[in-house]
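Please read the structure below before turning to the comments.
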Amino acid sequence: MFPPLDPNGPNGFFGLDSSFSHEGEAADLVVFGEIPKELNGTFYRIMVDPFYPLQEGNAPIEGDGNICAIRIKDGRADLKVRYVDTERLKLERQANKRLFGLYRNPFTHHPCVRAAVDSTANTNLVFWAGKLLALKESAMPYHVHLDTLETLSYDPFKSPGKTFSAHPKVDPFTEELVVFGYEAKGLGTEDIVIYALDKQGAIHDEQWIKSPWPAFIHDCAITPNFIILVLWPYDADVEHMKKGGQHWVYNKDRPATFIVVPRRPNNLPAGWKSGESRVYFWEHAVLLHTAGSWEVTAENGDIKLYFESSRIFYNVFPTMGPPTDNPFGDFKADYVKWEIDLTKPANTKVADPTVILDMPGEMARIDERFLTKPYEKLFCPVIPPGKQGPIPPILPIGLHAYALLDKASGKTEMFDPGSGCTIEEPIFVPRSKDAPEGDGWVMGMIQRLDVNRSDLVVLDTKNFAKPVAVVQLPFRIKGQIHGNWVEALPDEGA
Ligand SMILES: [Fe+2]
């Protein structure tokens, strides 16, 4: 049993705090085992790494975005770490102090910078249309260089609206990036923009809808014909922000809510009117992130949508909500499959979901070559039942083992790095372009809190319980929010 530690916080040097930050490079990292020679690309992780100490009261999703790129080729690994050079970070570096206050509350920022883009670009890194995008849902993407990690531009696609989700989805069959932005007409607005970017980055199928309230819409799911927006039970209230309050306030009275929208406004599914979106809901829960999603059309044309997500019964951001002595309750959470029956009228409750992993799980990934289709293999960071981790079992920071769920057999294999570790969102890389679904490698960063080090593990999905390689970083690195694998470009592959 280890004392509770914040993986991004001080780590106990005689009680002295340190806000460590890194930029730099390290070549030819120590590798135990063998990195498969087929792996040729870069694992881009985006870390929350406040360059200046944050204003007190910020949730752990605030802090400057710092990119950790681990380049893998010929069984070797190199590391590069560089901040996203956001407008915000530039201003603060010029002033050499913190100028920005609470997450997404301009009224708490220094008056001189209230008109600046306050995005930290710290949530996700997505490669699309030849561009690596550093994303935060409060603003537009920053375009960063694939190799140097230099920040090249802001809003590279000249997107509509004012915001761009950190979780756009790639439809691998239509080769589109499906994008949404909420609070898309400004702070606290109910306006949502939805569109797709083609392979060249051109915008099409733009449409605007309204949210039932200014809700935290962090993730979505896509099927061949629909996008499902997943609303978290938090409220945004500009008057509350003006008083110095949080952007989000947890609302126990809100149900888990879904907005279903046809992806192609100029080619609507049968029974849908132009401009129509449909809201469905369940009971109160926080569905942090989605995994797979697909749709089934019956012979009579009736459509059911399916997607999977975590289901969490507590406020994952205690600073964003009414103070309470016991914000997490009994830490109840699991991983589930939802069904949305589109024959049911809008504004009705969906059926109880099916539990697919009966343990707390979050940040799950799939073989994304199959996104929008039914699939079998889920790679899910979990808190295994009966096992004590190094920090309390709060999602998503308390995750400490990787589960490989084969949905066909119901069998779950587990990689457990040991009781002193926390783990992060994994990536999946197929063994080859034509490999069967789920056949390949899962990689993820292990935070070794027991020895104050970070290790990247490479797991073969054919033998999941033991890594084929462990890449040892030369120092403890900050925790990531999300990350993605980008295959080497053809001219780099030789
Ligand atoms: Fe996320």
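Taking the numbering used here, the leading residue of the sequence shown gets 28, the next gets one more, and so forth.
Just so it is clear, CB atoms sit at the ideal spot from N, CA and C, and this is done for glycine as well.
Per the coordinates, the alpha-carbon of Tyr261 lies some 16 Å from the alpha-carbon of Asp218.
In this structure, the alpha-carbon of Trp299 lies about 30 Å from that of Ile393. Taking a C-beta distance under 7 Å as the contact criterion, Ala248 and Phe334 qualify as a contact pair.
Under the three-state reduction of DSSP, Thr370 is assigned to coil, being neither helix nor strand. The beta strand (DSSP E) runs of length 3 or more contained entirely in the segment 414–457 are, from start to end of the chain, 428–433, 438–442, 448–450 and 454–457. Per the C-alpha coordinates, the member of Asp385, Ser186 and Trp275 positioned closest to His231 is Ser186. Ile88 and Thr150 have their alpha carbons spaced roughly 8 Å apart. Note on Phe502: under 16 other CB atoms within 10 angstroms of its CB, so exposed under the neighbour-count rule. Note on Cys139: under 16 other CB atoms within 10 angstroms of its CB, so exposed under the neighbour-count rule.
With contact defined as three or more Cβ pairs closer than 8 Å, the segment 102–115 and the segment 165–176 are in contact.
From the listed residues Pro80, Asn93 and Arg98, the smallest Cα separation to Asp55 is found for Arg98.
For Leu118, the enclosing alpha helix (DSSP H) covers residues Glu114 to Ala122. In this structure, Met390 lies near Pro408, with their beta-carbon atoms less than 7 Å apart.
Here Ala156 is near Gly228, since their CB atoms are less than 7 Å apart. Straight-line spacing of the CA atoms in Ile454 and Gly60 works out to 19 Å. Shown here, Val495 sits in coil according to DSSP, grouped into three states, outside any helix or strand. As the crow flies, the alpha-carbon of Asp112 is around 44 Å from that of Asp368. Taking the Cα of Leu118 as reference, the smallest distance to any Cα among Ala104, Gln507, Arg305 and His136 is reached at His136.
The three-state reading of DSSP puts Phe253 in strand, counting E and B together.
With a contact defined as Cβ atoms closer than 8 Å, Ser146 and Lys124 miss out at about 19 Å.
Across the set His274, Ala142, Gly272 and Ala325, the C-alpha of Ala142 shows the shortest separation from the C-alpha of Glu114. Only residues of its own chain outside the window of five on either side were considered, and among them Glu335, Tyr362, Val363, Lys364, Leu405, Leu432 and Lys434 have a CB closer than 8 Å to the CB of Ile383, listed in chain order.
In this structure, the CA atom of Ile504 is about 32 Å from the CA atom of Phe134. Cβ-Cβ distances below 6 Å link Phe243 to Trp259, Tyr261 and Trp275 in the same chain, with the five nearest sequence neighbours on each side left out; the list follows chain order. Taking Lys212 as the centre and dropping the five residues before and after it, the same chain places the C-beta of Asp218 closer than 6 Å to its C-beta, in chain order. Contact between the segment 466–481 and the segment 445–453 is present: 3 or more CB-CB pairs across the two stretches fall below 8 Å.
In this structure, Ile339 sits away from Val377, with a CB-CB distance that is not shorter than 7 Å. For Val265, the uninterrupted alpha helix (DSSP H) run begins and ends at Val265 to Lys269, by DSSP.
Judged by DSSP in its simplified three-state form, Thr147 adopts coil rather than helix or strand.
A Cβ-Cβ separation of about 4 Å places His194 in contact with Asp246 under the 8 Å criterion. For Cys247, the pairing in a beta bridge is given by DSSP as Leu256. Between Glu464 and the set Ile473, Ile450, Leu483 and Thr488, the nearest pair of CA atoms involves Thr488. When secondary structure is reduced to three states using DSSP, Thr135 falls in the helix class. Every beta strand (DSSP E) stretch that sits fully inside the segment 183–234 and reaches 3 residues is listed by chain position as 196–198, 203–209 and 218–224. Here Phe406 carries a strand assignment [DSSP, helix/strand/coil].
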